[in-house]
Ligand SMILES: C[S@@+](CC[C@H](N)C(=O)[O-])C[C@H]1O[C@@H](n2cnc3c(N)ncnc32)[C@H](O)[C@@H]1O
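Residue numbers (this note's numbering): 34 to 326.
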């Protein structure tokens, strides 16, 4: 497939080992890549899909250890860098199992100076630990291809500790700030930090399709809306149940998705068909094709 790098279409679900499609796409075409690979858990990830009858699962067992895992991940990160345009960004989603090894690899491939954020996604799931602090977060590494990237953090409430601060506009001389109040106290709005509290998808959640390791739409919403604009191209080459595509489509971004599992792509297609399209390139395209590559 390397010989023909001209194939390039958004709104297609690619069914294959992602390295095949990544190396077949032309360079400098993608604005944002979100990668949510197997985490190096050493387990088979299995869950029952709510949408279809079949079992969905994917392997996360690595006889070759962490070195083998990084050796497998590395060429995909190299291709991801090649695919990003000069203002492009990549978000790599992992957890404690492999993220520190992956950080070193990302530094090697993208450059230490291209590191932007280590985002902590904190959630409250059941289960505590007797002999360690409960592990309740994932880590998402954000890197840019060049210095020319653009991220617009959203604003969030920051409560003041000052007992004297009242709601209203304050002039500091060097600038102004507006304070508000609610039952928790007085606050103003500041740019969001790199720790994100987002609930895990619970068993009753409407968005839950039962795919193992399905990520919440609100997590992808934060990433996509802060790091891209309408019409931009968002890619996810480990798309699983298609959360990235669903959110991209909702936000009027174009998407490229891939997974090596047909059942993942069937769930993805089912979800995408339920999302209205608001984007020049894909308008009216209800027939989303699965392309075997
Ligand atoms: C953690 S899940 C992604 C979950 C997804 N973010 C969601 O919200 O549903 C990882 C996915 O990567 C896929 N996968 C693993 N290795 C792959 C490969 N080499 N090429 C393509 N897909 C792969 C698995 O089939 C699985 O669906």
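Glycine is no exception: its CB is placed at the ideal position from the N, C-alpha and C atoms.
Proximity of residue i and residue j at Cβ, strictly below 8 Å
{"i": "residue 130", "j": "residue 67", "result": "no"}
{"i": "residue 275", "j": "residue 301", "result": "yes"}
{"i": "residue 153", "j": "residue 175", "result": "no"}
{"i": "residue 304", "j": "residue 44", "result": "no"}
{"i": "residue 222", "j": "residue 248", "result": "no"}
{"i": "residue 270", "j": "residue 139", "result": "no"}
{"i": "residue 76", "j": "residue 93", "result": "yes"}
{"i": "residue 63", "j": "residue 117", "result": "yes"}
{"i": "residue 177", "j": "residue 149", "result": "yes"}
{"i": "residue 217", "j": "residue 192", "result": "yes"}
{"i": "residue 46", "j": "residue 261", "result": "no"}
{"i": "residue 258", "j": "residue 231", "result": "no"}
{"i": "residue 202", "j": "residue 209", "result": "yes"}
{"i": "residue 212", "j": "residue 205", "result": "no"}
{"i": "residue 52", "j": "residue 295", "result": "no"}
{"i": "residue 297", "j": "residue 264", "result": "no"}
{"i": "residue 184", "j": "residue 124", "result": "no"}
{"i": "residue 266", "j": "residue 289", "result": "yes"}
{"i": "residue 59", "j": "residue 41", "result": "yes"}
Option nearest residue i by Cα separation, candidates the options
{"i": "residue 233", "options": "105, 195, 171 and 179", "result": "171"}
{"i": "residue 91", "options": "158, 252, 209 and 292", "result": "292"}
{"i": "residue 133", "options": "111, 114, 102 and 161", "result": "102"}
{"i": "residue 20", "options": "294, 279, 325 and 324", "result": "Residue 20 lies beyond the range of the chain shown here (34 to 326); nothing can be said about it."}
{"i": "residue 236", "options": "65, 224 and 158", "result": "158"}
{"i": "residue 246", "options": "267, 262, 226 and 277", "result": "277"}
{"i": "residue 214", "options": "124, 196 and 145", "result": "196"}
{"i": "residue 187", "options": "254, 241, 123 and 298", "result": "254"}
{"i": "residue 142", "options": "114, 98 and 164", "result": "114"}
{"i": "residue 228", "options": "156, 194 and 53", "result": "156"}
{"i": "residue 57", "options": "137, 182, 273 and 112", "result": "112"}
{"i": "residue 179", "options": "165, 147 and 166", "result": "147"}
{"i": "residue 21", "options": "145, 97, 98 and 71", "result": "With the chain covering 34 to 326 only, the question about residue 21 has no answer from this structure."}
{"i": "residue 283", "options": "265, 272, 99 and 309", "result": "309"}
{"i": "residue 242", "options": "207, 281 and 299", "result": "299"}
Three-state class that DSSP yields for residue i in the structure shown
{"i": "residue 34", "result": "Model confidence at residue 34 stands at a pLDDT of 44, short of 50, so the residue's coordinates are unreliable and nothing is read from them."}
{"i": "residue 305", "result": "helix"}
{"i": "residue 185", "result": "coil"}
{"i": "residue 224", "result": "strand"}
{"i": "residue 92", "result": "strand"}
{"i": "residue 242", "result": "coil"}
{"i": "residue 234", "result": "coil"}
{"i": "residue 218", "result": "strand"}
{"i": "residue 254", "result": "helix"}
{"i": "residue 200", "result": "coil"}
{"i": "residue 321", "result": "coil"}
{"i": "residue 205", "result": "coil"}
{"i": "residue 248", "result": "coil"}
{"i": "residue 190", "result": "strand"}
{"i": "residue 83", "result": "Residue placement at residue 83 cannot be trusted, given a pLDDT of 49 that sits under 50; the coordinates are not used to answer."}
Below-8 Å beta-carbon distance, residue i vs any chain D residue
{"i": "residue 305", "result": "Annotation note: the requested chain D is absent from the structure, which comprises a single protein chain."}
inquiry  = Report the start-end ranges of each alpha helix (DSSP H) in the stretch 107-179 that is 4 residues or longer and not cut off at the edges.
reply    = 132-143
task = Starting from the N-terminal side, write out each stretch of the alpha helix (DSSP H) that is 4 residues or longer and does not extend beyond the stretch 264-310.
result = 276-283 and 295-306
request  = Under 5 Å from any heavy atom of ligand 1, by CB: list those residues in chain order, please.
outcome  = 50, 51, 69, 91, 244, 246, 247, 248, 271, 273, 274, 276, 292, 293, 294 and 297
request  = With a floor of 4 residues, list each alpha helix (DSSP H) that falls wholly inside the stretch 51-78, ordered by position along the chain.
outcome  = 51-57
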